[in-house]
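Report on the structure given below.
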Amino acid sequence: MLVGRNIRLNVLAQTLWKRLLVLLAYSALFVFVVPHVTLSVAIPSMLGTALSILLGFRTNSSYARWWEARKVWGGMVNDSRTFGRQVVSIVDAADAVKRELVHRQIAFAYVLRSQLRGLDPLDGLDALLSNAEVEALRTQKSVPNAMLLTQARRLREVHATDSVLFLPLDETLTSFTDHMGKCERIKNTVFPTQYAFLVRQIIWLFTLLLPPALAPNLGWITLIVAPVVCLIFTAIEILGDAMQDPFDNKPADTPMTALSRTIEINLRQQLGETNLPPKLSPVDGVLM
Amino acid sequence: MLVGRNIRLNVLAQTLWKRLLVLLAYSALFVFVVPHVTLSVAIPSMLGTALSILLGFRTNSSYARWWEARKVWGGMVNDSRTFGRQVVSIVDAADAVKRELVHRQIAFAYVLRSQLRGLDPLDGLDALLSNAEVEALRTQKSVPNAMLLTQARRLREVHATDSVLFLPLDETLTSFTDHMGKCERIKNTVFPTQYAFLVRQIIWLFTLLLPPALAPNLGWITLIVAPVVCLIFTAIEILGDAMQDPFDNKPADTPMTALSRTIEINLRQQLGETNLPPKLSPVDGVLM
Amino acid sequence: MLVGRNIRLNVLAQTLWKRLLVLLAYSALFVFVVPHVTLSVAIPSMLGTALSILLGFRTNSSYARWWEARKVWGGMVNDSRTFGRQVVSIVDAADAVKRELVHRQIAFAYVLRSQLRGLDPLDGLDALLSNAEVEALRTQKSVPNAMLLTQARRLREVHATDSVLFLPLDETLTSFTDHMGKCERIKNTVFPTQYAFLVRQIIWLFTLLLPPALAPNLGWITLIVAPVVCLIFTAIEILGDAMQDPFDNKPADTPMTALSRTIEINLRQQLGETNLPPKLSPVDGVLM
Amino acid sequence: MLVGRNIRLNVLAQTLWKRLLVLLAYSALFVFVVPHVTLSVAIPSMLGTALSILLGFRTNSSYARWWEARKVWGGMVNDSRTFGRQVVSIVDAADAVKRELVHRQIAFAYVLRSQLRGLDPLDGLDALLSNAEVEALRTQKSVPNAMLLTQARRLREVHATDSVLFLPLDETLTSFTDHMGKCERIKNTVFPTQYAFLVRQIIWLFTLLLPPALAPNLGWITLIVAPVVCLIFTAIEILGDAMQDPFDNKPADTPMTALSRTIEINLRQQLGETNLPPKLSPVDGVLM
Amino acid sequence: MLVGRNIRLNVLAQTLWKRLLVLLAYSALFVFVVPHVTLSVAIPSMLGTALSILLGFRTNSSYARWWEARKVWGGMVNDSRTFGRQVVSIVDAADAVKRELVHRQIAFAYVLRSQLRGLDPLDGLDALLSNAEVEALRTQKSVPNAMLLTQARRLREVHATDSVLFLPLDETLTSFTDHMGKCERIKNTVFPTQYAFLVRQIIWLFTLLLPPALAPNLGWITLIVAPVVCLIFTAIEILGDAMQDPFDNKPADTPMTALSRTIEINLRQQLGETNLPPKLSPVDGVLM
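Chains as they are written, first to last, in the numbering used here: chain A, 953 to 1240; chain B, 953 to 1240; chain C, 953 to 1240; chain D, 953 to 1240; chain E, 953 to 1240.
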């Protein structure tokens, strides 16, 4: 997640550098080389209707995906705290069993994060899971799903007789199943590629038509205005593109590592542990 | 589901090929044959207001249908995993009974998929259901509904005495009933045909008015600009149309077979089975 | 529900026939009689802003009402199937009692349908309810509400001792209460009449201003363009109007009879009955 | 709630009468007194972008508040019927106790209505609550909240031993707490005043700029067009303003008295009472 | 929360004072110094499309964040009342224990408020929590989370045997965990900074282009119109910015102190306490 209140112009400039040069050259063509080729300003503005429908739709949909991803991980934090509270207050077992259950829950968050980002899900879990359990999980196609089954089995063993108090724990596990599945849905369902394709074509067409439309009226100012207007639409498209995939190990990602760390701190403290890891801070304005 | 990041221009071109030729001829008419027939550019742009209302509405509604369909099947995956976890951890029965329950659940996903796509729902279930059960299901008007009743009956037999633990299982079955019904709602409720009709008429009118409006100002460039602008609006309409029916056995479908396979892999592994089928991959950029 | 993919032009034409004639005459006035009265095209297009705000708002709200109505009845189908499944698998009673409960549930759907459409709710229930029960219901102000109370009472008698298994049944009855109330909310809450009024006035004003604005530039083509543009806005308004009241016994209605029939088929088959009524098909492209 | 399908022009006219006169005089100034002061039509239309963003936002938000208010009271009706059904079918007590519980629930709806409208909440409850209870409630800061506590206490006394059947009743009481709190949220949270302020300023500016922009082209027709266009935007603003506060004892209010009466009729009939009050009808097109 | 129906012009003026002066000087430049530099009005209006997409998106998203924040705190009020009702009616313990539980719940609201606003969460809780408990909470990374764990432990001690009645209490605690987490999500997830950046750049560009576009047509009136139009867009941007962070101890904040006070009054009265604190009133039109 990008957390700075302002991002520097040069970040966008880096991405758009080459396009800017091509646009300048193309605009110069109509200002200095073929100034007699003109076009009514009404033509490119007619494309505006199509662009405003599609860019508005794309921006709203991408933001909805990004915000849903953040909501799902907010649910991960909430339900992890609920799970910790329930294990400590409800589960009628030795402290070692409670610690095992809560540590596995912390590991679940880290594992889900790694899997969504395409990293090794079983990396760095030594402090939370036994080596034997990590090895057993290596054979699993879906590691987080297998971990939830282990949690259910362990809880069932403990609550072999008191089935009423098993109900809220089973419900919390179901929430984790839902969160996991929602993340996979957002990760695996690409935003309809046809729309992204169409938007890029219209911007490209718009870019072609704008300089000859502006040159007769503006002269050399076209060299400033045309590239800037085109860049603005390109920037809106790029921003939508960056936000639509919030689990791709990119700066605009949902800060899953930071949230997993929050889960770890909160749940360890619920167990009464005092040797807590520090909260994560943004690095270069990016929180992962 | 189309998964490629870019789709080739020629896919759209194939669909729109004939329209393109007619548009070129019609535009040429006003450029070369009757150049004295002119029209204020304000006229076609006045249709833009109506088009932006209707196309925006249509695009958003179609996307909402497509995304809801994907969410419902995401719920199918989540609740199938929950069902598997509950059967393994809660149900107090022999392993054979648990396997029967979980296999029937896997079959339920495949059956729902086939029925929504208009295929034989009972095809290819040999590995999951007994022949007798398949034959019995042939008399059913709604096969998936009958399967859920069988699940409930079997679970009730097992939990004849412990009614508390029957509650979360009954709740999960209710979720499946809801998912099934939501799919049928999306499948059977056509997007209001009146709007689709009106949008097509406005685009047609727009296409008629654009060439005479552009020809006096643009000359032969009209041959490029007019067809392209008309095609853009047509493309937006076609994309909305393709996305609004996500259960029609078309490339833009919800990838129900792939999701059912994910369910099969996850649930079989929850049972401890090791002979797992492979994940499905996209074929020609399409995941079914 | 209108189910045809295309509706014929003449349906819209029938509704708009008289308006079309008046518009033609009015346009002809400015083309042939007082051609010297002219108006800047900018004037009617200035009304476009107000129209696009209001028509967009109206179209979206009407569609939301129509879609919510369909969702509520989808919920009716889902929860009826759930009720059938629960009665068959949970309720510990003689088959006759189960049949009575399930038949009353089927009748509930038909009754709710009739009441929403302003028909006699107790008509045609002979096969599902006893004559005595139908007569007793005649004194009720809200027949569906009274039927749910009967269901609760009967279920309570059966589950006099096992209160745990009464819980999911009571929950399902609560869902029916919610569905019934949501239908009544949509039925009884008219879309704010002030907006409908304002939209019609703006279209009327737009219609007055368009011909004098177009006549100087277009000449006799005004006779085609002006009526068509006005009709498009009128059509959008009429379509919104038709969709906003989905329980009015009109072609755009939620297909409540067809959905009730689906409920009847599914629930009868859950009971093991074999003499099933046929599914309803659209008549003249309309499914009721 | 305004229920007439058409509202008369003079209702809007009454509200806007003075503005209309001022607008006429101001327009006449530019037509007859200083016709040489002109302005490009592009200037006021530039304000259209800002207006369409803000008025669209305002209209949608106000409608969402109004519709949510209606939904919450729809929930009041549904959960009251559910409560009545549960008391009659579940609660194991004498008829007098059941009647007391259900009558208190009816009173709860009337009390919440009166409090939201700023009326005396304890007025006119003689037929539903004992005098002693009404007097005791006079000391309460939140009368409806106190009534729900009484309901919970009475239900707990009755279900002192069977705690399972207390669960659905407690859940229904929680729904009433939620409905009450949602109403208070809508009532107490004013729509951001900054936006209302800004919209009014832009309309005011628009009104100042329109007559000098129209006068050179339209002449005396400016006297008709300018006031009408300004009135349309003012009307949209006023309609949004009227709808955003649905609990203010105004004609656009949620019809809380009528819905409370529906609750009274339905719940009394669930108790088997026959002396039912009549349904409320709209008075002068307004249902309160 | 700003509660005045009108806010004074000078509040906006104060914020925008310096910009206004610069804009005036810049406009004067094109009116008096370089009147021969002109620009087609079509150029700045072309930026309108981009602005309307982005400002509309930004206004809607900011409002959605602000409204969600208010809804979450509405949920805090509702569930606190539910908790109070449940403790009084369900919990089978001495009055002192009930008082302790309810007072801790009141403190929870104040603590969450202080933590979200960056104040000392444990300040001013003497009347609600024992000194020992406050000191113990000082070591906690998340004070509200620790308080919920204490509530769960105390409730579990009381309900050591009757696990059925512990279920609704545990559910209410889970709601508080969710409310807390939702507040943290809104607080910690900045609105995508890239969009805020882009909007400000476009407004800046718009401001640069408007005066030379208006000067040739308007003359000295440009000095009024150009700054006002630019200020309107700036104001929309600023209003969105103010509303997007509702937990920042600013005037547009969710009125968390006032809502916590409401919780305190309601819950103390549920306990039967009579020495109640007064309701909070707005100070200078601002309710905190």
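Cβ coordinates follow ideal geometry from the N, Cα and C atoms, glycine included.
Range of the contiguous alpha helix (DSSP H) that encloses residue i
i, result
"B:Lys1050", "1047-1068"
"C:Glu1136", "1118-1140"
"E:Arg1106", "1095-1110"
"D:Arg1213", "1208-1222"
"E:Trp1156", "1145-1170"
"B:Asp1200", "It is not in any alpha helix (DSSP H) - B:Asp1200 carries neither H nor E in the DSSP assignment."
"D:Val1086", "1083-1089"
Partners in chain B for residue i, counting only beta-carbon separations shorter than 7 Å
i, result
"A:Ala1104", "Arg1037, Ser1041"
"C:Asn1012", "Phe1009"
Backbone secondary structure at residue i - three-state DSSP
i, result
"A:Leu954", "strand"
"D:Arg1238", "For the record, residue 1238 of chain D in the displayed sequence is Val; it is not Arg. Note: D:Val1238 maps to strand in three-state DSSP."
"D:Ile1042", "coil"
"B:Asp1078", "coil"
"D:Ala1204", "coil"
"C:Leu1007", "helix"
"C:Glu1225", "coil"
"C:Leu972", "helix"
Cutoff 6 Å; reference residue i; Cβ partners in own chain excluding five residues on either side
i, result
"B:Phe1035", "Gln1057, Thr1124"
"A:Ala1059", "Leu1077, Leu1080, Leu1081"
"C:Leu1228", "Ile1217, Arg1220"
"A:Ile1042", "Leu1117"
Under 9 Å from the C-beta of residue i: neighbouring residues of chain D
i, result
"C:Asn1097", "Arg1033, Gly1036, Arg1037, Asn1218, Gln1221, Gln1222"
Residue i and residue j closer than 7 Å at C-beta
i, j, result
"A:Leu1143", "A:Gln1067", "Reading off the sequence, residue 1143 of chain A comes out as Phe, not Leu. For A:Phe1143 and A:Gln1067, no; Cβs fall outside 7 Å."
"A:Gln1146", "B:Leu1191", "yes"
"B:Leu1101", "C:Gln1103", "no"
"A:Ile1138", "A:Ala1021", "yes"
"B:Asn1030", "A:Thr1129", "yes"
"B:Leu1117", "A:Ser1115", "yes"
"C:Gly1000", "B:Thr1001", "yes"
"C:Val1086", "C:Pro1073", "no"
"D:Val1151", "D:Leu972", "no"
Residues of its chain near residue i, where Cβ-Cβ distance is below 7 Å and the 5 sequence neighbours each way are ignored
i, result
"B:Leu1170", "Val1177"
"E:Val1273", "Outside the shown range of chain E (953 to 1240) lies residue 1273 of chain E, about which nothing can therefore be said."
"D:Leu954", "Pro1203, Ala1204, Gly1237, Val1238"
"C:Gln1092", "Ala1098"
"A:Gly1070", "Asn1201"
"A:Leu1166", "Thr1174, Val1177, Ala1178"
C-beta neighbour in chain G for residue i, strict 7 Å
i, result
"B:Pro1120", "Within the model displayed, chain G is absent; protein chains A, B, C, D and E are what it includes."
Listed by chain order, chain D residues near residue i by CB distance under 7 Å
i, result
"E:Ser979", "Near E:Ser979 there are no residues of chain D at all, since even the closest Cβ is about 14 Å away, more than 7 Å."
Under 8 Å by beta carbon: chain D residues contacting residue i
i, result
"C:Gly1133", "Gly1026, Gly1027, Val1029, Asn1030, Arg1033"
Contacting residues, own chain, Cβ-Cβ under 8 Å from residue i (five flanking each side not counted)
i, result
"C:Val1180", "none"
"D:Trp1018", "Met1195, Gln1196, Pro1198, Ala1204, Thr1206"
Chain-ordered chain E contacts of residue i [CB-CB under 7 Å]
i, result
"A:Met1208", "Correct list: empty, because the minimum Cβ distance to chain E is about 13 Å."
Chain-ordered chain A contacts of residue i [CB-CB under 7 Å]
i, result
"E:Tyr1147", "Leu1191"
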